[in-house]
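Heads up, the thing below is written out as structure tokens.
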Amino acid sequence: MQNITVEELKTLKDNGEDFTLIDVRETHEYEAANLEGVSIPLGEILEQLDKIPREGNVIMHCRSGKRSSNAIKLLEQREGYTNLKNLEGGILAWRDKFDPDLNVS
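Under our numbering, think of the first position of the sequence shown as 154, with each following residue one higher.
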């Protein structure tokens, strides 16, 4: 599985790079705090494949990296995706590095 650090994600955002950010946390978690990605809860991932591009740079994240890692494994094994990256440390790592006021529980 390919990983990306929060520093690498920030560089992509700052440079206006073309990528898709997918948040696999539950809806209430996303509503409390998010990184402006597409919300697709892990339990709904297979029903929302139309929102997950098969080409280009797709970065998936959750709170700590575990759920997004599971989502990527599922999509790679069952659906043949090859373009997914996991955000190391998830939104917690982002909060710790860049946004200490982010309301992540």
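Even glycine gets a Cβ: it sits at the ideal position worked out from N, Cα and C. Since this is a predicted model, take the numbers as computed values, not measurements.
Euclidean distance between Cα positions of residue i and residue j
i: L162; j: L240; result: 8 Å
i: C215; j: D176; result: 6 Å
i: V191; j: T173; result: 8 Å
i: L202; j: D167; result: 27 Å
i: L228; j: D254; result: 32 Å
i: A185; j: I244; result: 12 Å
i: S217; j: G242; result: 5 Å
i: H181; j: L195; result: 13 Å
i: S222; j: K238; result: 9 Å
i: I157; j: I212; result: 8 Å
i: G169; j: R207; result: 20 Å
Burial state of residue i (16 or more Cβ within 10 Å)
i: K204; result: exposed
i: M154; result: exposed
i: K226; result: exposed
i: A246; result: buried
i: S258; result: exposed
Residue i - DSSP class collapsed to helix/strand/coil
i: V191; result: strand
i: V177; result: coil
i: V159; result: helix
i: E182; result: helix
Beta-carbon spacing of residue i, residue j below 9 Å
i: L165; j: N236; result: no
i: R248; j: R220; result: no
i: L188; j: E232; result: no
Proximity test, residue i beta-carbon vs the ligand GDP heavy atom, cut-off 8 Å
i: L162; result: Questions concerning the ligand GDP fall outside what the structure shown contains, since it holds no ligand whatsoever.
(request) May I have a chain-ordered list of the beta strand (DSSP E) segments no shorter than 3 residues that lie completely inside the stretch 220 to 250? (result) Segments of the beta strand (DSSP E) lying fully in the stretch 220 to 250: 237 to 240.
(request) Mind listing, in chain order, the continuous beta strand (DSSP E) runs of no fewer than 3 residues lying wholly within the stretch 196 to 221? (result) When DSSP assignments are scanned along the stretch 196 to 221, the uninterrupted stretches of beta strand (DSSP E) that are 3 or more residues long and fall wholly within it turn out to be 211 to 214.
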